[in-house]
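S.K.: In this note's numbering, the protein residues as written are 2 to 433. Don't be surprised by glycine CBs; every beta carbon is placed ideally from N, CA and C. Treat the numbers as computed from the prediction; the structure is a model and nothing was measured. Sharing a structure, written as structure tokens. Questions coming.
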Amino acid sequence: MVGILSWRLVRGPRLLVCATLALIAAQGTGTAIAAQAPDLTGLSLEELMDIDVVYGASRFEQKVTQAPSSVTVISNEEIRRYGYTTLAEIVGSVRGLYTTYDRNYSFIGVRGFQRPGDYNMRTLIMIDGHRLNDSVYGSVLIGTDSLLNVDDIERVEVIRGPFSSIYGTGAFFAVINVITRSGGSLGGAEFSAGLGSYQTVGGRLAWGRKTEGGVDWFMSGSAFDSGGQDLYYPEFDDPLTNNGRAEGVDGDEFKKVFGKVSFGHFRFEGAYASRDKVIPTAPYFTNFNDPDNRTEDQRAFLSMAYSRPVGQKANVTGRAYYDRYSYRGDYDYTAPGNLYSEESWAYTRGVEVQFNTRIADRHTLVAGGEYRDHYRADFYAEDDTGVISDLTESPSDWGIFVQDEFTISKKVSINLGVRHDVYPDFGGSTNP
2 MVGILSWRLV RGPRLLVCAT LALIAAQGTG TAIAAQAPDL TGLSLEELMD
52 IDVVYGASRF EQKVTQAPSS VTVISNEEIR RYGYTTLAEI VGSVRGLYTT
102 YDRNYSFIGV RGFQRPGDYN MRTLIMIDGH RLNDSVYGSV LIGTDSLLNV
152 DDIERVEVIR GPFSSIYGTG AFFAVINVIT RSGGSLGGAE FSAGLGSYQT
202 VGGRLAWGRK TEGGVDWFMS GSAFDSGGQD LYYPEFDDPL TNNGRAEGVD
252 GDEFKKVFGK VSFGHFRFEG AYASRDKVIP TAPYFTNFND PDNRTEDQRA
302 FLSMAYSRPV GQKANVTGRA YYDRYSYRGD YDYTAPGNLY SEESWAYTRG
352 VEVQFNTRIA DRHTLVAGGE YRDHYRADFY AEDDTGVISD LTESPSDWGI
402 FVQDEFTISK KVSINLGVRH DVYPDFGGST NP
């Protein structure tokens with residue numbers, strides 16, 4: 002057992018100094034503690050581009066140069082090197098994408114398009130191919146409220162452009178697929194802890210390995226707490242509103258757990274995250290400098306995936322999953338009604354199957370379907386006068402798709418695809 006201690010300085014919304022301790026189990030005499038990085042200096046630009054592979058562009062792994070879109074892959078090494086602390090910071094570093102932060106949520110903009118308040122519903126985000134957009138708003142969280150700790154990420158695939166022909170709703174501006182680390186790549190335990198400005202403290206513990214029997218497992222847990230900054234807003238510069246100073250109302254706290262086990266053709270995966278955020282900006286004309294203005298978000302999923310080759314050129318995959326999303330927002334007003342609270346719940350179970358095959362060494366055919374049962378999609382709101390809204394729905398939707406990638410030459414290929422979805426509210430939708 003060998004220990005490696007490292008320090009890093011993270012520059013982001015807050016300054017955080019982290020110490021990371023990795024305990025690596027070296028098996029066998031002469032086993033290398035860490036794999037040596039390959040020498041890439043002699044490779045051409047085209048060869049360097051062929052090193053990266055991407056799954057999200059066509060729902061099967063292929064070289065980045067063969068993907069039918071503009072693709073950027075951010076590796077675990079880059080995440081560590083640049084000190085990214087959230088998925089929003091990773092995405093914001095990508096060419097053509099940017100993020101904004103309103104002291105509560107982070108929002109993605111793609112090629113100049115960002116609709117305020119849509120909570121990223123036009124960008125599809127996945128973990129290992131599993132959809133994260135919730136069933137109430139179609140939103141997805143990418144800041145400190147995101148489902149994963151960035152140290153659990155192996156790579157992030159950012160695929161620009163609409164992909165409704167294979168993914169359906171939500172995949173309009175871009176598709177972002179987060180690939181998680183494996184136990185084999187960790188090979189032991191990893192611990193990190195940090196202290197920072199604004200009363201910030203955080204820590205993470207991960208453990209994983211691949212056994213001789215071929216079982217690969219990875220587990221991670223992390224927690225974070227920050228008092229937040231004291232901020233000044235000139236719009237509220239009045240003695241009645243603390244002279245524009247928001248003091249002690251920017252707190253941020255989260256807890257995250259992630260784990261997966263792979264053996265044979267199966268992979269089991271699950272995650273849970275909870276974040277509580279105090280809002281310093283007095284949104285929606287609420288009281289300024291009020292700690293009662295806050296939101297709480299929770300996200301969890303369980304997934305079982307199966308993948309098996311069929312012959313030498315085909316593969317069949319399937320997935321069954323359960324998703325849970327909940328949100329609560331409290332907003333304090335001076336006017337009658339005083340404290341307004343709203344809550345949302347979304348519980349979804351679903352299955353998906355996919356078949357892909359290589360035909361005549363020129364065609365890669367992908368076909369599949371999925372079914373989602375949103376057996377609980379609720380919205381509830383109340384204030385001091387009573388219940389304002391109490392909505393409960395149980396919709397379900399399904400879709401089928403097919404795509405053919407026709408390779409004409411090494412530099413030219415044609416992708417043709419179509420998807421048909423059926424929704425309970427407005428019927429069918431076909432996207433070529």
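Does the beta-carbon of Asn244 have 16 or more other beta-carbons within 10 angstroms, so that it is buried, or is it exposed?
M.R.: exposed
S.K.: Can you find the residues in the same chain that come closer than 7 Å, C-beta to C-beta, to Arg359, ignoring five residues on each side of it along the sequence?
M.R.: Lys314 and Thr365
S.K.: Unbroken beta strand (DSSP E) runs of length 3 or more, entirely within the stretch 173 to 234: which are they?
M.R.: 175 to 181, 189 to 197, 201 to 211 and 217 to 227
S.K.: Throw me the rounded Cβ distance for the Gly418 and Ile167 pair, which I believe falls under 8 Å.
M.R.: That pair is a contact at about 6 Å.
S.K.: Are there 16 or more other CB atoms within 10 angstroms of the CB of Gln28, so buried, or fewer, so exposed?
M.R.: Legend: pLDDT at Gln28 = 39, less than 50; position of this residue unreliable, value from coordinates given subsequently. Exposed: under 16 other Cβ atoms inside 10 Å.
S.K.: Identify, in the order they occur along the chain, each residue of the same chain with its Cβ nearer than 8 Å to the Cβ of Asp331, setting aside the five sequence neighbours on each side.
M.R.: Asp293, Asn294, Arg295, Thr296, Leu340, Tyr341 and Ser342
S.K.: Using CA coordinates, which residue listed in Val137, Val95 and Gly214 is at the minimum distance from Arg377?
M.R.: Val137
S.K.: Relative to the ligand SAH, is the shortest distance from any of its heavy atoms to the C-beta of Lys314 smaller than 7 Å?
M.R.: Summarising the ligand content, the structure contains no ligands, and the ligand SAH is consequently not present.
S.K.: Counting Cβ pairs, one atom from each stretch, are 3 or more of them under 8 Å apart for the stretch 262 to 271 and the stretch 234 to 250?
M.R.: No: the two stretches stay apart, fewer than three of their Cβ pairs being nearer than 8 Å.
S.K.: Using beta-carbon positions only, say whether Ser147 and Tyr120 come within less than 8 Å of one another.
M.R.: no
S.K.: What three-state label does DSSP hand Glu248 in the structure shown?
M.R.: coil
S.K.: Give me the Cα-Cα distance between Val367 and Arg320, rounded to the nearest whole angstrom.
M.R.: 16 Å
S.K.: Taking the alpha-carbon positions, what's the Ala247 to Tyr334 distance?
M.R.: Ala247 and Tyr334 have their C-alpha atoms roughly 16 Å apart.
S.K.: Note the first and the last residue of the continuous beta strand (DSSP E) segment covering Ser397.
M.R.: That run of the beta strand (DSSP E) goes Ser397 to Thr408.
S.K.: For Ser166, report the span of its alpha helix (DSSP H) as first-last.
M.R.: Ser165 to Tyr168
S.K.: Terminal residues of the continuous alpha helix (DSSP H) containing Ala1?
M.R.: Absent from the model: residue 1. The displayed extent of the chain is 2 to 433, so no value can be given.
S.K.: Considering only residues of the same chain and omitting the five flanking positions on each side of Phe427, which have a CB-CB separation below 6 Å?
M.R.: none
S.K.: What residue range does the alpha helix (DSSP H) around Tyr83 cover?
M.R.: Asn77 to Tyr83
S.K.: Can you confirm whether the stretch 211 to 222 touches the stretch 160 to 180 when touching is taken to mean that 3 or more C-beta pairs between the two stretches lie within less than 8 Å?
M.R.: no
S.K.: Can you tell me whether Val141 is helix, strand or coil according to DSSP?
M.R.: coil
S.K.: Could you please give the first and the last residue of the uninterrupted beta strand (DSSP E) stretch that includes Phe269?
M.R.: Phe267 to Val279
S.K.: Taking its Cβ as the centre, do 16 or more other Cβ atoms sit within 10 Å of Ala38, making it buried, or is it exposed?
M.R.: Since pLDDT at Ala38 reaches only 46, below the 50 mark, its modelled position is unreliable, and the value read off the structure follows with that caveat. Taking a 10 Å sphere around the C-beta of Ala38, we find fewer than 16 other C-beta atoms and assign the residue as exposed.
S.K.: Name the one or two DSSP bridge partners that Asn316 has.
M.R.: Asn316 is bridged to Pro310 and Asn357.
S.K.: Do Asp379 and Ser345 count as a contact pair if the criterion is CB distance below 8 Å?
M.R.: yes
S.K.: Out of Ser410, Leu187, Val403 and Lys411, state which residue places its alpha-carbon closest to the alpha-carbon of Asn432.
M.R.: Val403
S.K.: My guess is that Gly204 and Ser223 are in contact by the Cβ rule of under 8 Å, so how many angstroms apart are they, rounded?
M.R.: 7 Å
S.K.: Would you tell me roughly how many angstroms separate the C-alpha atoms of Asp277 and Gly312, rounded to the nearest one?
M.R.: 50 Å
S.K.: What whole-angstrom Cβ distance do Ala301 and Arg325 have, given they're in contact under 8 Å?
M.R.: 5 Å
S.K.: Classify Gly387 as buried or exposed, calling it buried when 16 or more other Cβ atoms lie within 10 Å of its own Cβ.
M.R.: exposed
S.K.: Identify the continuous beta strand (DSSP E) that holds Gly418 and give its terminal residues.
M.R.: Ser414 to Tyr424
S.K.: Taking the alpha-carbon of Gly249 as reference, which of Asp398, Gly228, Tyr234 and Phe255 has the nearest alpha-carbon?
M.R.: Nearest to Gly249 by alpha-carbon distance, out of Asp398, Gly228, Tyr234 and Phe255, is Gly228.
S.K.: CB Gly144 to CB Ser107, shorter than 8 Å?
M.R.: yes
S.K.: Within this structure, are the beta carbons of Arg104 and Ile280 separated by less than 8 Å?
M.R.: At the C-beta level, Arg104 and Ile280 come within 8 Å of one another.
S.K.: Any idea what DSSP makes of Asp153, helix, strand or coil?
M.R.: helix
S.K.: Rank Val74, Asn77, Gly429 and Phe225 by C-alpha distance to the C-alpha of Ser198 and give the top, closest one.
M.R.: Phe225
S.K.: DSSP three-state label for Leu125, please.
M.R.: strand
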